[in-house]
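Read through the structure below, which is laid out as structure tokens, and then see the notes.
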Amino acid sequence: MLARERGSALSIMPCTRSQSESQSTIKFPKRKSIRRCHKPIENEEASKLDTSPLSVSPQKQVLPLSPRKRLGDDNLCNVTQLLPCSPSKQGKKENSFPPTSPKGRALLFSERSTPKSPTKGSSLVPSPFRGGQETPNASPQHRHPRKELVCTRLFKQEGTCYQQAKSLLHTAVPDQLHAREKETGVLHRFLREHVSREIPGSLYISGAPGTGKTACLNRALMDLKTELAGCQIIVLNCMALRSSQAVFPAMAGQLGQAGADKAARGDVIRRLVKRLTSESAPMVLVVLDEMDQLDSKGQDVLYTMFEWPSLPNSRLVLIGIANALDLTDRILPRLQARPKCRPQLLNFPPYNKDQLASILQERLKQVSGEQVLDHAAIQFCARKVSAVSGDARKALDICRRAIEIVESDVKSQTVLKLLPACKSSSKPATDSAVPQRVGLAHVSRVISDVYGDRLASGVGRADANTFPLQQKILVCSLLLLTRQQKTKEVTLGKLHEAYSKVCRKQKVGAVGQSECLSLSALLESRGIVGLKKTKEVRLTKVFLKIEEKDVEHALKDGVLVGSILAEGI
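Going from the sequence shown to my numbering is simple: count from 1 and add 488.
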């Protein structure tokens, strides 16, 4: 049985082959495996591919869009010698196709597929897919028109002109001091006569704050730097000294005498006299700024300082600077009896409105571009300051604060700027135009804050905590004391005594001296009074920053304060 079945199966198999041979067959080109792509393609295989039913003429060859349906070398995925491993990740620009014509895209993956001859004006660009291949670039006529992108970015308003103006309005020593040519000439003559010719002498410079006393002296010292090269210059600010007696150790330390801080006062003075009267020693120029801070019992410090230039063989030239006009006559009357000890006087008057306006305009001329401050604002500031004090520093400070107000307003505004080139830049192009000029309103706002409106606003409010009663009484006491003594500055000890008297008359509890100093500090923070602190609290100088008329006008409405001002101390 098994033999029969095998025989019958063998007899059936030939029939099957004959039937399959009789049927029509469809030949498909063999797909090459990736492993065999390393061998070069033979000419015979290439001819077979060309004569296959799917092949078309090389001039009008149309390839399917899917790479998996492409055969042979036309399929980029099968070219292993160009891509031996997995391709690296590429950006969007690297994966993008080259620019094509509007009619369609021609993807050329083989050298055998010859494209149409490029027209005139077109150029061949290398294909990003295979090395050595070139694709025709679309002509400018058929290319899609590129839209010029206009980039807009948000920027903060720039205020470089404001920063430059603020730096010029600082109280540094300028190259030229306006309206002080006469005083500068006097300083030049004094320095040449006494320092250059080695003749001892003394000079006392007086004037209100902000009239250019220290600035003119510093300018004169800089101008005569070469002529004063052989002189030893000592500049001391008496406000920084711990006490009036500390001026002698400070001078000894500047002259190179070691151990002056620990030595006794008499020894220090003897060593200083020996050095200042030595004929072989060079000349010594001592500048004492804020000289009125050397006020002491019996004024022995000031008398000693003014007597040293009159000593035999003295090598000292002394220059003192203070605000009081009559310091030598009122505090040092004995100097009048000794003509050799009497110093030369130089007074600096307050600036008028024209001088202040010229100072501000000359400073602001150095700002590049347009003018930052209006002319009317400058004139208004000069008139207000000249009417109150004539303080140039105050005028510079007012203009600087007005610029800061405008600068903060400009910087808070966010603007949309256009960048025509669409270039990513960290900073936009700067122009010389001023975003916003400082006008009359800004200067008026600052002036109202600097002068009497602060006191009036504090008194006029309904809330009593804004300006307490003790501070009002202290301001009234200071006002009455300055009128009685005919001076602008009083010590804290005398102010506390006057304040205590006023409180006893009005049957109001008074505070102690330490609390009185705290009240003065609060008034200083309001800008109503000023303090010149010293080591001894009782000798601290207190003065009004507001005119007496403004203070009286702001305080006279109250019943208690009005009675205090009417009765007096």
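Quick reminder that beta carbons are idealized off the backbone N, C-alpha and C, glycines included.
- The C-alpha of Q924 is placed about 19 Å away from the C-alpha of F868.
- Annotated as proximal: I1016 and I1034, with beta-carbon spacing under 8 Å.
- Shown here for I1057: same chain residues with a beta carbon closer than 8 Å to its own, the five before and five after excluded, namely S965, L968, L969, Q972, A986, K989 and V990 in chain order.
- For I687, no beta strand (DSSP E) encloses it, and the DSSP letter there is neither H nor E.
- A Cβ-Cβ contact shorter than 8 Å links V926 with A865.
- Counting only runs that start and end inside the stretch 732-767, the alpha helix (DSSP H) elements of at least 4 residues fall at 735-742 and 753-764.
- Between T702 and P838 a beta carbon distance of about 15 Å is seen, past the 8 Å cut, so the two are scored as non-contacting.
- The Cβ atoms of V805 and V996 do not sit closer than 8 Å to each other.
- Under a 10 Å Cβ-count criterion, A728 is classified as exposed, with fewer than 16 other Cβ atoms of the shown protein chains found around its own Cβ.
- In the DSSP assignment, N725 falls within the beta strand (DSSP E) that extends over Q720 to N725.
- Membership of E1012 in any beta strand (DSSP E) is not indicated; the residue belongs instead to the alpha helix (DSSP H) covering Q1001 to S1013.
- For S655, the closest of P800, S856 and V772 by C-alpha to C-alpha distance is S856.
- In the three-state reduction of the DSSP assignment, I819 falls in the coil class.
- In the three-state scheme derived from DSSP, where H, G and I count as helix and E and B as strand, G808 is classed as strand.
- When DSSP states are grouped into helix, strand and coil, T648 belongs to the helix group.
- Look at L799 here: in three-state DSSP terms it is coil, with no helix or strand label.
- Closest in alpha carbon position to K872, among S732, D862, N840 and L852, is N840.
- Setting aside the 5 residues that flank it on each side, A667 is surrounded in the same chain by Q843, each with a C-beta closer than 6 Å to its C-beta; the list follows chain order.
- Beta-carbon to beta-carbon, I722 and M739 are separated by about 6 Å, close enough to satisfy the 8 Å threshold.
- Residue pairing by DSSP places L833 opposite Y692 in a beta bridge.
- The alpha carbon of L709 has as its nearest neighbour, out of R753, F678 and L861, the alpha carbon of F678.
- With respect to the C-alpha of V934, the residue from K976, S900 and A890 having the closest C-alpha is A890.
- Sixteen is the threshold: since fewer than 16 other Cβ atoms of the shown chains lie within 10 Å of the Cβ of K974, the residue is exposed.
- Residue range V772 to D777 is occupied by the beta strand (DSSP E) that includes V774.
- One Cα belongs to S1008, the other to G1050, and the distance between them is close to 21 Å.
- H930 and D862 have their C-alpha atoms some 11 Å from each other.
- For the pair K1020 and L884, the Cα-to-Cα distance works out to about 22 Å.
- In terms of CA proximity to I693, P831 leads the group S731, P956 and P831.
- Classified as buried, L760 has 16 or more neighbouring CB atoms from the shown chains inside 10 Å of its CB.
- With a contact defined as Cβ atoms closer than 8 Å, A696 and D879 qualify at about 7 Å.
- L1019 carries a strand assignment under DSSP once its states are collapsed to helix, strand and coil.
- The residues I757, in chain order, have a CB closer than 8 Å to that of T792 in the same chain once the five nearest residues on each side in sequence are set aside.
- Distance check between L820 and each of F836, Q787 and P797 places Q787 closest, using alpha-carbon atoms only.
- Spatial neighbours of L776 in its own chain (CB-CB distance under 8 Å, excluding positions within 5 residues in sequence) are listed in chain order as L724, C726, V735, L782, M793, L806, I807, G808 and I809.
- E895 sits in a helix when the DSSP states are folded into three classes.
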